[in-house]
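The block underneath contains the structure these notes are about, expressed in structure tokens.
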């Protein structure tokens, strides 16, 4: 069977069309799944090979498009997807997720050697920084392979293999995307092979242009169609209690809500809330720039000794756009003026409160005196307002007309390898190798210092306020506080709609903006109380940064070849060797995010401030201590290839890895067999165990993620666990291969039985178990005391609407069993002087059964089958049961034409009444049922390619030519970014030239 034709090219090789003369380096055979040099290509290892020509015929799709179309991959990180903790912070990164088991369970190799994982929420290899301009082919092993490669090869292995070439090759492409400036890329490479020396140098560049959420109609659904569609009940305009002690707490929507484009709770609802849409301030595609440089040199030092050196450098930067300000989920401390009550307080002397109550009169709900001035302060819980939303953030107004907050995401990778191959005997060689790989990631952000925000609400904001610190106000009387607010360099911040000039998305101005009304008797100087100024904002809303570094050191030695032991089918192959790996991880935070600098909210105002739990000074992103960790791994392995007969080939492998300490050791055997029944029919199968050790960063420290709880983002802390054990799985596969004339086909059954998979505790399950449909179901249940202690609530007390923060842990979670089939077939026949080919490939998941998940003695996630489900905030990724492609292709002379169908099957959002049941809080009990079932997503691509005699190749590709929108989902951007593409129809022109 021709391996190059087994599946339609589904992973990134060179993003540009390559001339047919480009050499894929087939002389130096690397067989993924075997350590035996020169092993048989018809071995029992189930490997699919994708060559450059196949990708040319598809129009050289981008890395991300190929990964998402890969039938055996689900839940792909790569699109803008800040609403999910598994992708938040990963802007500019792309990874591969075989079987939907999680990207950390797919081992990614370059020329058979490991690559370091990125230091993200989910540790996985960033394929965006691989040398796309140097890749000649890709081999995909769709089976567990820990017996061969060690940790991480649970879902399978993807091996990117560089090519050999002679001379220069230059290429470039441009992709037109409606609403965007388009994507473009370029690459240049030079190679030489001969006289005992082989050399390849390749350089690549890729650019993605911004595609804002508002550039696609499907992202802007009304609240009544999708309350989860990027809406928050803690926005701006916000929600406040204006009446003080009168009638108890009564939080009301700011009356400027609807005129500024917000949604106010319907009459008859249990709350009065203003919900505003932060999703419109995000991007469907963030602007990205990426560079890669790759050098590879091979030297024949003697007839029996060869040296191989390589170097890889990659760099990327994405500019992340998000809500104009984040939710201040932490309450200010008593060190701030007016703080300490668990709420944000706007005092009665605030010009903003006085003007608001006067502007809206009795309908405002203010507790006023005979002259109409407030006698009670306005308050808001930390989850019911934020400084900016519909009016944008003035600090970013010159950056973008939406006023979205922006921050960078930058990655840099370096990889160096050195290897010696020595021929010990005519058919036996020894390979000695060393690899160093490093990945740096800088994640910038912005957040509110909660005590500085409270100070600004009380008139003691700004960078030059003489009375900002706790000590400076310690001896002042209430009357003096009132008199000094807004003076001596101190400024106010206006949190009400009267401080918002207009809606930056719709362009509608705010008639009640103080700067338009010019109310008599008030100082309209920015910062004086009604009109906000940038200096005050910049004082409380500050930039943050986290810098993580992961590094991998590998030293290995392998002796392999033919043993001389003859079996009826030939010589027995063998490999034996050892390996040492060291993984290191470190993360350092800017002062704004450091618990070592600001352990408590009050520390920024009072150097002596303390707190019972150190939560830092920021309201949302979270703070932590700098930390570092390291793990050392010692491994030994053996492999045998046994040609039992001319038609039966068996592979036996085993690997022992010792992690020392608490993690311990593991031994993993594997057996595979291939039986050739006749010239056109073969059988293959295998079984083995595989494992993944806990990444070193999972053992210590805390990572703060942003996750949806009750319809808006909350800070969720994920705490490392030094007691984690390796996860392990037993894998089985068996299949049939047909190669008869022009027909090639295969079908393979696969199954994985997991024990103790490494996961974070399921947020949605914990929330559902504690609060139920009522929102307070188990608040008084003693059995839930330990779970309730994980939550931080606002001053309003226990309830899903009052959650400010949740603390979770990394665990060895519930067991998983998943199984399914992969299938492919294609038929090739001569037609009119060329060749016509029709083919299809796909994967169908029968089951993905997850056992009961218990946290603190409570079943928070009852056993369920994740196959065919969205799996939002569970321990599984989105997993449509069926994915695949079908194509019709003709190649004749210098021309090639291909028509391809990409298909993603329907799946279901399994969330219950909290999402699809009666919405009593805001919709007066109406249910919103749309988005429960996500429709199938078929798209059509067409590619025409011509190879000119001059060495020029030109290709034009139309992707999603019928411009289908992604299926509607009840998520932030109204679609599932893990699964579908947001782009719609695109046209790409690619050109390459061989010199």
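Numbering (UniProt numbering), first residue to last: 1 to 995. We treat Cβ as the ideally placed atom computed from N, Cα and C, and that holds for glycine.
Enclosing beta strand (DSSP E) for residue i [first to last residue]
{"i": "residue 824", "result": "816–831"}
{"i": "residue 812", "result": "803–812"}
{"i": "residue 503", "result": "Note, residue 503: premise wrong, no beta strand (DSSP E); not H, not E."}
{"i": "residue 901", "result": "895–904"}
{"i": "residue 681", "result": "681–692"}
{"i": "residue 554", "result": "541–567"}
{"i": "residue 451", "result": "Here residue 451 belongs to no beta strand (DSSP E); instead the alpha helix (DSSP H) covers 450–457."}
{"i": "residue 185", "result": "183–194"}
{"i": "residue 375", "result": "That residue, residue 375, is in no beta strand (DSSP E); it is neither H nor E in DSSP."}
{"i": "residue 175", "result": "167–177"}
First and last residue of the uninterrupted alpha helix (DSSP H) at residue i
{"i": "residue 663", "result": "From DSSP, residue 663 is part of no alpha helix (DSSP H); its letter is neither H nor E."}
{"i": "residue 274", "result": "Careful: residue 274 lies outside any alpha helix (DSSP H), inside the beta strand (DSSP E) at 274–277."}
{"i": "residue 360", "result": "351–360"}
{"i": "residue 470", "result": "470–473"}
{"i": "residue 771", "result": "763–771"}
{"i": "residue 148", "result": "146–149"}
{"i": "residue 480", "result": "478–484"}
Between the CA atoms of residue j and residue i - distance to the nearest angstrom
{"i": "residue 621", "j": "residue 635", "result": "39 Å"}
{"i": "residue 746", "j": "residue 854", "result": "40 Å"}
{"i": "residue 929", "j": "residue 259", "result": "27 Å"}
{"i": "residue 98", "j": "residue 142", "result": "8 Å"}
{"i": "residue 986", "j": "residue 940", "result": "11 Å"}
{"i": "residue 879", "j": "residue 975", "result": "14 Å"}
{"i": "residue 164", "j": "residue 192", "result": "8 Å"}
{"i": "residue 124", "j": "residue 101", "result": "12 Å"}
{"i": "residue 1058", "j": "residue 137", "result": "Coverage of the chain is limited to positions 1 through 995, which leaves residue 1058 absent and any answer about it impossible."}
{"i": "residue 602", "j": "residue 344", "result": "14 Å"}
{"i": "residue 680", "j": "residue 740", "result": "5 Å"}
{"i": "residue 346", "j": "residue 470", "result": "18 Å"}
{"i": "residue 934", "j": "residue 868", "result": "10 Å"}
{"i": "residue 27", "j": "residue 162", "result": "Residue confidence is low: residue 27 scores 41 on pLDDT, short of 50, so the model does not pin down where it sits. No coordinate-derived value is stated."}
{"i": "residue 845", "j": "residue 882", "result": "7 Å"}
{"i": "residue 618", "j": "residue 401", "result": "26 Å"}
{"i": "residue 977", "j": "residue 574", "result": "44 Å"}
{"i": "residue 541", "j": "residue 527", "result": "15 Å"}
{"i": "residue 437", "j": "residue 116", "result": "6 Å"}
Whole-number beta carbon distance between residue j and residue i, since they are thought to touch under 8 Å
{"i": "residue 384", "j": "residue 239", "result": "4 Å"}
{"i": "residue 872", "j": "residue 764", "result": "7 Å"}
{"i": "residue 586", "j": "residue 628", "result": "4 Å"}
{"i": "residue 864", "j": "residue 816", "result": "Actually they do not touch by this definition, with Cβ atoms about 11 Å apart."}
{"i": "residue 699", "j": "residue 720", "result": "5 Å"}
{"i": "residue 144", "j": "residue 735", "result": "Not quite, the Cβ-Cβ distance comes to about 15 Å (not below 8 Å), so this is no contact."}
Identified DSSP bridge partners for residue i
{"i": "residue 853", "result": "861"}
{"i": "residue 306", "result": "300 and 421"}
{"i": "residue 874", "result": "The partner list for residue 874 (beta bridge, DSSP) is empty, contrary to what the question assumes."}
{"i": "residue 628", "result": "586"}
{"i": "residue 792", "result": "805"}
{"i": "residue 839", "result": "826 and 887"}
{"i": "residue 703", "result": "718"}
{"i": "residue 207", "result": "184 and 289"}
{"i": "residue 580", "result": "555 and 634"}
{"i": "residue 937", "result": "904"}
{"i": "residue 344", "result": "380"}
{"i": "residue 952", "result": "993"}
{"i": "residue 575", "result": "560 and 639"}
{"i": "residue 739", "result": "744"}
Any chain D beta carbon closer than 8 Å to residue i
{"i": "residue 804", "result": "Absent here is chain D; the protein component of the structure consists of one chain."}
Does the segment 334–344 come close enough to the segment 455–465 to have 3 or more Cβ pairs within less than 8 Å? yes
Pair every Cβ in the segment 230–249 with every Cβ in the segment 289–309, then say whether three or more of these pairs are closer than 8 Å. By the Cβ criterion, the segment 230–249 is not in contact with the segment 289–309, since fewer than three pairs of Cβ atoms, one from each stretch, lie closer than 8 Å.
Could you check whether the segment 354–373 touches the segment 284–294, counting it as contact only if at least three pairs of C-beta atoms, one from each stretch, sit closer than 8 Å? no
Given 8 Å, three or more beta-carbon pairs between the segment 470–486 and the segment 555–566: The segment 470–486 and the segment 555–566 do not touch, with fewer than 3 CB-CB distances between them shorter than 8 Å.
Could you say if the segment 829–836 and the segment 779–799 meet the contact criterion of at least three C-beta pairs nearer than 8 Å? no
Within the chosen definition, does the segment 125–134 reach the segment 203–222 through at least 3 CB pairs nearer than 8 Å? yes
Would you say the segment 891–904 touches the segment 55–66, given that touching needs at least three Cβ pairs under 8 Å? yes
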